[in-house]
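**Student:** The sequence shown runs 9 to 262 under our numbering. Ideal placement from N, C-alpha and C gives every residue a C-beta, glycine not left out. Note that the coordinates shown come from a computational prediction; the quantities given were computed from them, not determined experimentally. Pasting a structure here, questions to come.
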Amino acid sequence: MITDFMNAGAQRGQEVYCNNKGGNRNWPDGVGCLEKDNLKLKVIGPKWQSCTTFGTSFGYLAAEEAPDYKRNKSIESVIHEMVEVISRNGNFLINISPKADGTIPAWQVERLHAMGDWLDVNADAIYGTRYWKLNSQENEHLAFTTKEKTLFAIKLTRPAEPFVIEGTAGWTEANIGSVRLLGSDSQVGWTMTSDGLRITPPSDLGSGKYAWSFAIDTDREQHHPNVIVSDADQALRRTLRVDLEGNVPAQPSK
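What follows is the structure, given as structure tokens:
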């Protein structure tokens with residue numbers, strides 16, 4: 009069946025892909041993408057997808073509409089999750105849960121609008137991007153994406169102080185054309201140090217919020233295709249298994 013589907017796509021000149029919804033990974037590696045509800049790889053893996061929700065249920069749950077319900081994801085956490093998935097070669101699939109009358113709960117609409125507003129500002133750092141040689145730098149709360157010769161360093165905390173991108177150690181000023189903050193017209197200060205590119209954020213962060221994307225224009229292609237952890241078992245190692253109720257077991261997968 010999969011062979012017929014792929015061949016039919018080729019005959020039509022269409023790029024097609026198979027998504028394996030089987031939780032037991034019942035296809036060989038390299039066929040389709042890894043997929044699991046709320047999957048969070050720690051590495052840059054083979055093509056994969058995280059299907060996630062704004063709350064704890066993939067269907068409508070009346071309790072989630074209560075103002076004091078504590079288990080809905082914040083706008084910030086949803087945007088951070090999206091950025092982290094994309095920086096690791098993943099596809100971010102967000103679920104909405106309509107009511108019986110077809111309307112979408114207001115709290116989910118709020119998050120959809122917020123995601124759209126954030127993407128309006130940061131589209132260049134997300135759409136059409138590829139992964140870098142590193143997917144994150146935890147000490148500075150950074151995630152990375154690339155587009156041709158541009159490296160995007162996405163700061164997941166408000167950039168109030170200078171920070172260094174350690175993965176650029178060894179670069180020189182000649183390698184960098186400019187550093188910009190998406191959504192801001194303010195000048196971004198930068199200098200090369202022995203530890204890497206040091207960025208000084210402007211005091212005016214413009215229209216950015218939740219996560220701030222610094223575009224670093226360079227003289228070389230920034231995508232590194234050879235850093236993928238291609239073995240699915242290895243890519244899935246140490247990831248937390250999250251169930252449909254949003255619960256995370258104490259022990260990660262081995």
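Could you check what DSSP says for GLU146 in three-state terms: helix, strand or coil?
**Tutor:** Helix at GLU146.
**Student:** Checking 8 angstroms against the spacing of the C-beta atoms, do THR165 and THR154 come in under that value?
**Tutor:** Their beta carbons are not under 8 angstroms apart, which means THR165 does not touch THR154 by this criterion.
**Student:** Measuring only the C-alpha atoms, how far is TRP173 from LYS44?
**Tutor:** One point to set straight first is that residue 173 is Ile, not Trp, in the sequence displayed. Roughly 31 angstroms between the two C-alpha positions.
**Student:** May I ask which residues mark the beginning and end of the beta strand (DSSP E) holding ASN99?
**Tutor:** 98-103 is the span of the beta strand (DSSP E), which, as asked, contains ASN99.
**Student:** For the segment 110-179, list the alpha helix (DSSP H) runs that are entirely contained and at least 4 residues long, ordered along the chain.
**Tutor:** The qualifying runs are 114-130.
**Student:** Smallest Cα separation from MET200: which of PHE171, SER192, TRP220?
**Tutor:** That would be PHE171, whose Cα lies nearest to the Cα of MET200.
**Student:** For a test of the three-state rule: what should DSSP assign to MET200, helix, strand or coil?
**Tutor:** It is a strand residue.
**Student:** Taking VAL91 as part of the alpha helix (DSSP H), name the residues at either end of that continuous run.
**Tutor:** Its alpha helix (DSSP H) spans residues 83-95.
**Student:** In terms of DSSP beta bridges, what is VAL187 paired with?
**Tutor:** Partner(s): ILE224.
**Student:** Is the segment 130-149 touching the segment 91-106 in the sense that three or more CB pairs, one from each, lie closer than 8 angstroms?
**Tutor:** With the cut-off at 8 angstroms, the segment 91-106 and the segment 130-149 touch.
**Student:** Taking contact to mean 3 or more Cβ pairs, one atom from each stretch, closer than 8 angstroms, check whether the segment 220-230 and the segment 189-200 are in contact.
**Tutor:** Yes, the segment 220-230 is in contact with the segment 189-200.
**Student:** Mind the definition here: the segment 171-191 touches the segment 209-222 only if three or more C-beta pairs lie below 8 angstroms; say whether that holds.
**Tutor:** Touching, yes, given that three or more Cβ pairs across the two stretches are closer than 8 angstroms.
**Student:** Using C-beta distances below 7 angstroms, list every residue in its chain close to MET14, excluding the 5 sequence neighbours before and after it, in chain order.
**Tutor:** Taken in chain order, the residues that qualify are VAL24.
**Student:** Assign ALA108 to one of three DSSP states: helix, strand, or coil.
**Tutor:** DSSP places ALA108 in coil when its eight states are reduced to three.
**Student:** How far does the beta strand (DSSP E) with ASP60 in it reach, from first residue to last?
**Tutor:** Looking at the sequence itself, residue 60 is Thr, so the reference to Asp does not match. Its beta strand (DSSP E) spans residues 56-61.
**Student:** Are the CB atoms of PHE62 and LYS81 nearer to each other than 8 angstroms?
**Tutor:** Their beta carbons are under 8 angstroms apart, which means PHE62 touches LYS81 by this criterion.
**Student:** Compute the Euclidean distance between the alpha carbons of GLN57 and ARG206, then round it to the nearest angstrom.
**Tutor:** When rounded, the distance between both Cα atoms is 33 angstroms.
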